Amino acid sequence: GLIVAVIISQSIVTPSTERNNAYSTYTGLAHLCAGLCCGVSGLAAGACIGIVGDYGIRAVGYRASQITLFPSDKEAAGYSTIPDEDRGGDDVSGSDDQNKLFVGMLIMLIFSEALALYGMIVALIVSQHSYSCG
Numbered sequence: 171g172l173i174v175a176v177i178i179s180q181s182i183v184t185p186s187t188e189r190n191n192a193y194s195t196y197t198g199l200a201h202l203c204a205g206l207c208c209g210v211s212g213l214a215a216g217a218c219i220g221i222v223g224d225y226g227i228r229a230v231g232y233r234a235s236q237i238t239l240f241p242s243d244k245e246a247a248g249y250s251t252i253p254d255e256d257r258g259g260d261d262v263s264g265s266d267d268q269n270k271l272f273v274g275m276l277i278m279l280i281f282s283e284a285l286a287l288y289g290m291i292v293a294l295i296v297s298q299h300s301y302s303c304g
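171 is the number of the first residue of the sequence shown in my numbering; add one for each residue after it.
Below is the structure:
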């Protein structure tokens with residue numbers, strides 16, 4: 171958004187004292203659309219990243235909350251059931267599931283960030299449209 175704002179602000183010309191305005195309505199609306207495009211796409215990307223991150227952390231956190239590093243006396247019995255080596259059975263810690271979830275979550279976050287990048291690219295293209303009065 172800051173990049174688009176700097177580019178737009180550089181293309182705004184100051185009006186002359188003879189009331190001749192070179193900044194047309196078309197150029198103003200193009201700059202408005204560029205700012206809205208960049209802002210709304212950034213908002214959508216932020217919402218996607220927040221939702222994906224929230225659900226990803228809840229899923230990993232729920233899985234990890236069943237395992238404690240410093241168990242109390244009453245939790246010690248459940249802690250001893252976690253295998254220390256791979257015995258070929260079911261993995262209680264769920265590290266394979268966590269790795270798959272992390273990779274999927276990372277891919278979704280990357281594509282969510284691409285939404286904001288595409289919005290910025292479109293905003294840069296739209297901000298270059300201008301019509302000079304006079």
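Just so you know, even glycine gets a beta-carbon here, dropped at the ideal spot from N, CA and C.
Here the structure is a predicted model, which is why all the values come from computation and not from measurement.
At a cut-off of 8 Å, is residue i close to the ligand SAH when judged by its beta-carbon and the heavy atoms of the ligand?
i            : result
cysteine 208 : The ligand SAH is absent from the structure shown, which contains no ligands of any kind.
Tell me, please, which residues DSSP counts as bridged to residue i.
i            : result
tyrosine 169 : Here the chain covers residues 171 to 304 and nothing more, so residue 169 does not appear.
Mind checking residue i: buried by the 16 CB within 10 Å criterion, or exposed?
i             : result
leucine 285   : buried
histidine 201 : buried
threonine 197 : buried
serine 282    : buried
Straight-line CA distance for residue i to residue j?
i                 : j              : result
proline 185       : tyrosine 301   : 15 Å
cysteine 303      : leucine 199    : 14 Å
glycine 171       : serine 297     : 12 Å
alanine 293       : isoleucine 280 : 20 Å
isoleucine 219    : isoleucine 177 : 27 Å
phenylalanine 272 : alanine 217    : 19 Å
aspartate 224     : glutamine 180  : 39 Å
valine 174        : leucine 213    : 15 Å
leucine 276       : valine 210     : 22 Å
threonine 187     : leucine 206    : 31 Å
Does DSSP classify residue i as helix, strand or coil?
i             : result
glutamate 283 : helix
glycine 289   : helix
glycine 274   : helix
Quick check: is the beta carbon of residue i nearer than 9 Å to any beta carbon in chain D?
i           : result
leucine 276 : Of the protein chains in this structure there is only one, and it is not chain D.
Could I get the ranges of all uninterrupted alpha helix (DSSP H) runs contained in the region 175-232, with 4 residues as the minimum, in chain order? none
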